[in-house]
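FYI, the numbering for the sequence shown is 1 to 382, going by the UniProt record's numbering.
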Amino acid sequence: MSASVLLTLLSDCLLAVVLFVLFWYVARLSRQVQGILTWGSAHLVYTLGATIFDAGTSMAEESGLPAAARATAHIGSIILCLGMAGLGWAIVLFVRRRPLHRAEFAIIFLAGAIPLATWLLGGNWNAQSVALNLVELLVLVWMCWHLRDLHEDPYRLPARMMMVGCVLLAILYGSVIPGWSLSQFGFDEIWVNVDLSIWFMLNFCMLMLSSFRAAESLKLSAMFDPLTGALNRRGLNAELATLPERREAGLSVIAIDLDHFKAINDFHGHDTGDRVLQRFSDLVRANLRDDALFARMGGEEFAIVITEGGMEAARRLAERVRALVQKMEFTPSSGRPVRVTVSLGVATRRDPEQTFADLMRSADEALYAAKHAGRNRVALFD
């Protein structure tokens, strides 16, 4: 191994450490963004594995393949393959926002098992090197398969650049499989520089994607109530602003208030009160159409906004919510059942000049009428 190539590989290790710190820092500040820390960690493992593999093959070539040098190279190839699989895992976490499926865990297992089996079965250098590159090709295809679904701005451009990078790496790694020899992996300075340049682009694009996802998460957190997952006032106003004029003209609002909620907090504790709000919100969302809006207006006060069907559709929805909440069974850790009911007020826009704030006030008036009439009922604004 030439001194220049050795210096390049060591510089790459240092860069991988710096990138790991950057990804760790971004993940620490944006805990809701999945896959960032996994990518930084996997890239560091991959880089260390590649360096160990190159060092082992160099020692083996220069010293006639002693056992220690061969073992070093084999261990490096296993570490490299596991790191590569970890990069694919990171892409799944980032794009899909879910854990791995069983079939995907099989890819992680195979990434480590293939080079290990080649070593234990006494495979020659050609077999081990081909196994290593096949694992890399498999993971690159896996990454491209998921990156293709990032097709909306601002994710589209960096995701497409990463896909191009994966294709270039696949060509680069595939080119050294035929007629393999020790001098073809890692010891050609141009080959190494091209490889490192593509990986630099992939890491830069991943940082871009992470920053976009973090900004999106901050925007969403500003629009949604963190406890219940319902829209907050700002989020509701933002959603209303996007409604077409024809749909906005037919708005109906259902104002909802949980009955005697203060008593629930006083007798069962605020933790129980929070869980009641969460259960209530989950129940409401499960019974709404996709085009309905559900918002927490403050405390135990909520609102549902629908755009079609008029007063009768809103009344039926309000009555269904009331009946479902009344049947909701909730027993906290204290063992004392909590009975929850709601009062609801319904108002429908009849005047095109009526603002949403006016409509909300009308729904609130109907809500107060429902409470004064004994609670656990629906009242309509005439």
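The beta-carbon is built from N, C-alpha and C at its ideal position, and this holds for glycine as well.
DSSP places Leu243 in the coil class of the three-state scheme, outside both helix and strand.
The DSSP-derived three-state label of Gly49 is helix. Here Leu367 has Ala255, Ile256, Asp257, Ser343, Leu344, Gly345, Ala379 as same chain residues with Cβ atoms under 8 Å from its own Cβ, once five neighbours each way along the sequence are excluded. By alpha-carbon distance to Ile264, the top candidate from Gly235, Pro332, Ile190 is Pro332. In the DSSP assignment, Ala295 forms a beta bridge with Leu231, Ala303. Pairing Ser197 with Gln32 gives a Cβ-Cβ distance that is not under 8 Å. A contact is defined here as three or more CB-CB pairs under 8 Å, and the stretch 50-59 meets this definition with respect to the stretch 70-79. Just measuring C-alpha positions, the residue of Val26, Leu19, Leu29 sitting nearest Leu44 is Leu19.
Burial check for Pro115: the Cβ neighbour count within 10 Å reaches 16 or more, so the residue is buried.
A contact between stretches requires three or more CB pairs, one per stretch, nearer than 8 Å, and the stretch 86-94 meets this requirement with the stretch 34-43.
Of the candidates Ile190, Asp259, Gly83, Glu301, the residue whose Cα lies closest to the Cα of Ala230 is Glu301.
Taking C-alpha positions only, Gln326 is separated from Thr341 by approximately 5 Å. The three-state reading of DSSP puts Ala255 in strand, counting E and B together. Between the beta-carbon of Thr47 and that of Ala16 there is about 4 Å, and that keeps the pair under the 8 Å contact cut. When DSSP reads this structure, Thr348 sits in a beta bridge with Ser252. Residue state for Ser343 is assigned as strand, using DSSP reduced to three classes.
Inter-residue distance for Arg296 and Gln278 is about 11 Å (C-alpha atoms, whole angstroms). Spatial neighbours of Ile78 in its own chain (CB-CB distance under 7 Å, excluding positions within 5 residues in sequence) are listed in chain order as Gly112, Pro115, Leu116. Assignment of Leu324 by DSSP, reduced to helix, strand and coil, places it in the helix class. Around the C-beta of Ala347, 16 or more other C-beta atoms lie within 10 Å, and the residue is accordingly described as buried. Straight across, the Cα-Cα distance linking Asp282 with Met208 is about 34 Å.
Ranked by Cα distance from Val164, the first of Pro154, Ser175, Met143 is Met143.
Distances from the CA of Phe204 to each of Leu7, Lys219, Arg160, Gly235 were compared; the closest alpha carbon is that of Arg160.
Contact between Trp89 and Ala42 holds: CB atoms are separated by about 7 Å, below the 8 Å threshold. In terms of Cβ geometry, Met162 and Leu202 form a close pair [threshold 8 Å]. When secondary structure is reduced to three states using DSSP, Phe330 falls in the strand class.
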